[in-house]
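One structure below.
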Ligand SMILES: Cc1ncc(COP(=O)(O)O)c(C=O)c1O
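Now the structure itself:
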């Protein structure tokens with residue numbers, strides 16, 4: 482599937498990509514080239530199809546990392562006098578609050594515990610308490626801990642109260658099921674380098690066409706104006722400003738492989754098997770997950786750090802990296818954790834191998850106490 486001398490990336494992105502995806506970047510493309518622009522068009526169509534968006538939705542790609550597209554979606558779609566409810570149970574929700582503050586959009590910052598999912602009931606209560614809210618910005622999988630939020634419930638609450646829903650599905654799109662016919666949204670943001678298994682460098686915003694077409698001149702920024710990007714792309718087939726050509730070419734081939742694998746259900750099955758193999762293997766070494774199984778998305782897993790005084794994340798990370806696996810630091814404020822991703826062009830064998838690399842690292846570091854003991858505080 483992959484192979485080569487690169488370490489396996491067990492992070493929320495960039496991810497380990499397949500050889501075919503890497504090879505797709507060996508050509509140079511001109512931005513005016515009709516062949517290149519037909520690749521962009523086909524990606525836009527395929528991305529809309531993944532959520533069954535039909536003719537009512539379009540996909541607007543945007544240069545930059547995923548955050549650029551989240552910011553562009555909020556800046557373009559939320560009216561300047563709008564008010565955004567952000568249920569916040571992690572770092573990526575907190576980032577949306579910051580985006581709203583930067584963009585001068587009124588924001589309701591609704592804290593939900595980091596180990597609890599946001600549900601329809603939570604959002605419904607907040608909407609009932611403040612009818613001046615116009616939009617809800619919901620992170621689907623809160624990658625900070627790996628939490629699966631109840632997107633369907635939140636979408637129903639928005640529908641009932643007539644509010645716009647903007648979804649940050651960066652780490653879930655193409656892996657977890659999202660169907661706009663049953664989970665209605667105004668816009669959903671994803672990126673090339675996550676569960677589609679392309680390389681990082683562009684975001685995609687799936688947006689209701691009629692809504693986008695009504696938002697001319699609303700954006701605060703030229704480069705982040707999704708309406709302008711859309712109008713230009715529809716008119717010319719080209720990207721406004723220099724496209725990330727190699728990223729686009731790699732994404733095309735990555736989506737081909739996504740389809741060959743069996744689309745979203747097959748990807749979810751592979752990631753779920755990865756997640757189960759990881760959690761099982763780590764449990765045998767004494768590691769406990771931060772989240773309860775019912776709310777754990779099969780995307781990235783947060784583990785409590787070993788309680789042994791010989792543990793330091795930096796050394797643990799470096800020694801595991803030297804064995805070929807890149808782990809990720811924790812992103813929680815209260816307890817010391819680390820994260821291991823389940824996504825990318827990897828399978829359950831790879832997860833068993835990382836468990837054995839972790840086992841060797843523990844031994845080499847002289848760590849004996851992995852499980853419960855005195856809980857170390859986050860650094
Ligand atoms: C849920 C979520 N939102 C936003 C982002 C930010 O994406 P980027 O780092 O590509 O800007 C990430 C990245 O992992 C994410 O997982």
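In the numbering used here, the protein residues as written are 482 to 860.
Here a beta-carbon is modelled for each residue, glycine too, at the ideal position from N, C-alpha and C.
Treat the numbers as computed from the prediction; the structure is a model and nothing was measured.
Looking only at C-alpha atoms, which of 775, 528, 514, 490 sits nearest to residue 651?
Checking every option, the nearest Cα to that of residue 651 belongs to 528.
Spatially closest choice to residue 782 from 719, 801, 624, by CA coordinates:
624
How is residue 718 classed by DSSP in three states: helix, strand or coil?
coil
Let's test the definition: count the other Cβ atoms within 10 Å of the Cβ of residue 711 and tell me whether it reaches 16, buried, or not, exposed.
So residue 711 counts as buried.
Can you tell me whether residue 482 is helix, strand or coil according to DSSP?
For residue 482, the predicted model reports a pLDDT of 42, less than 50, meaning its position is unreliable and no value from the coordinates is stated.
Test item: CB-CB of residue 756 and residue 779 under 7 angstroms
yes
Spatial distance of residue 497 from residue 489 (CA atoms):
6 angstroms
Candidates 689, 811, 850: closest to residue 493 by CA position
811
Is residue 550 near ligand 1, in the sense that its beta carbon is under 6 angstroms from a heavy atom of that ligand?
Using a cutoff of 6 angstroms, the CB of residue 550 does not count as near ligand 1, since none of the ligand's heavy atoms is closer than that.
Using the three-state DSSP reduction, which class does residue 774 fall into: helix, strand or coil?
helix
With a threshold of 6 angstroms (Cβ to nearest heavy atom), would residue 624 be considered close to ligand 1?
yes
Got a sec? Which residues, its chain only, sit under 7 angstroms from residue 850 by beta carbon, not counting five neighbours each side?
Counting only Cβ-Cβ distances below 7 angstroms, and skipping sequence neighbours, we find 787, 788, 789.
For residue 622, which beta-bridge partners are listed by DSSP?
629
Nearest candidate by alpha-carbon position, reference residue 570, set 751, 805, 597, 586
597
State the Cα-Cα distance for the pair residue 592 and residue 574, rounded to the nearest angstrom.
10 angstroms
Which of the three DSSP states is assigned to residue 491 in this structure?
coil
Candidates 750, 796, 552, of which the one nearest residue 829 by Cα
750
From what residue to what residue does the alpha helix (DSSP H) around residue 535 run?
No alpha helix (DSSP H) holds residue 535; DSSP gives it neither H nor E.
Ignore the nearest five residues each way along the sequence and tell me which others in residue 766's own chain have a CB closer than 8 angstroms to its CB.
These residues qualify, in order along the chain: 836, 839, 840, 843, 851.
Keeping to the same chain, check which residues put their C-beta closer than 8 angstroms to that of residue 594; ignore five residues upstream and five downstream.
For residue 594, where only same-chain residues beyond five positions count, the Cβ hits under 8 angstroms are 570.
By DSSP, does residue 736 sit in helix, in strand, or in coil?
Three-state result, residue 736: helix.
Neighbourhood of residue 873 by C-beta, 6 angstroms cutoff - its chain only, sequence neighbours within 5 removed
The chain is shown from 482 up to 860; residue 873 falls before or after that span and cannot be answered.
Residue 649 Cβ short of 6 angstroms to ligand 1 heavy atom set:
Yes, since a heavy atom of ligand 1 falls inside the 6 angstroms radius drawn around the Cβ of residue 649.
Is the beta carbon of residue 794 sitting closer than 7 angstroms to the one on residue 626?
Contact: no.
Tell me the rounded alpha-carbon separation between residue 716 and residue 518.
12 angstroms
Rounded separation between residue 670 and residue 562 - CA only:
22 angstroms
Exposed or buried, residue 583, counting other C-beta atoms within 10 Å across all chains shown (16 or more means buried)?
exposed
Note the first and the last residue of the continuous beta strand (DSSP E) segment covering residue 781.
781–785
Could you compute how far the alpha carbon of residue 585 sits from the alpha carbon of residue 525?
Straight-line measurement puts the Cα of residue 525 at about 30 angstroms from the Cα of residue 585.
Should residue 495 be counted as a contact of ligand 1 given a C-beta to heavy atom distance under 6 angstroms?
No - ligand 1 has no heavy atom lying nearer than 6 angstroms to the Cβ of residue 495.
Taking the alpha carbon of residue 653 as the reference point, which residue from 620, 683, 667, 643 has its own alpha carbon closest?
If we check each option's Cα against that of residue 653, 620 comes out closest.
For a test of the three-state rule: what should DSSP assign to residue 820, helix, strand or coil?
strand
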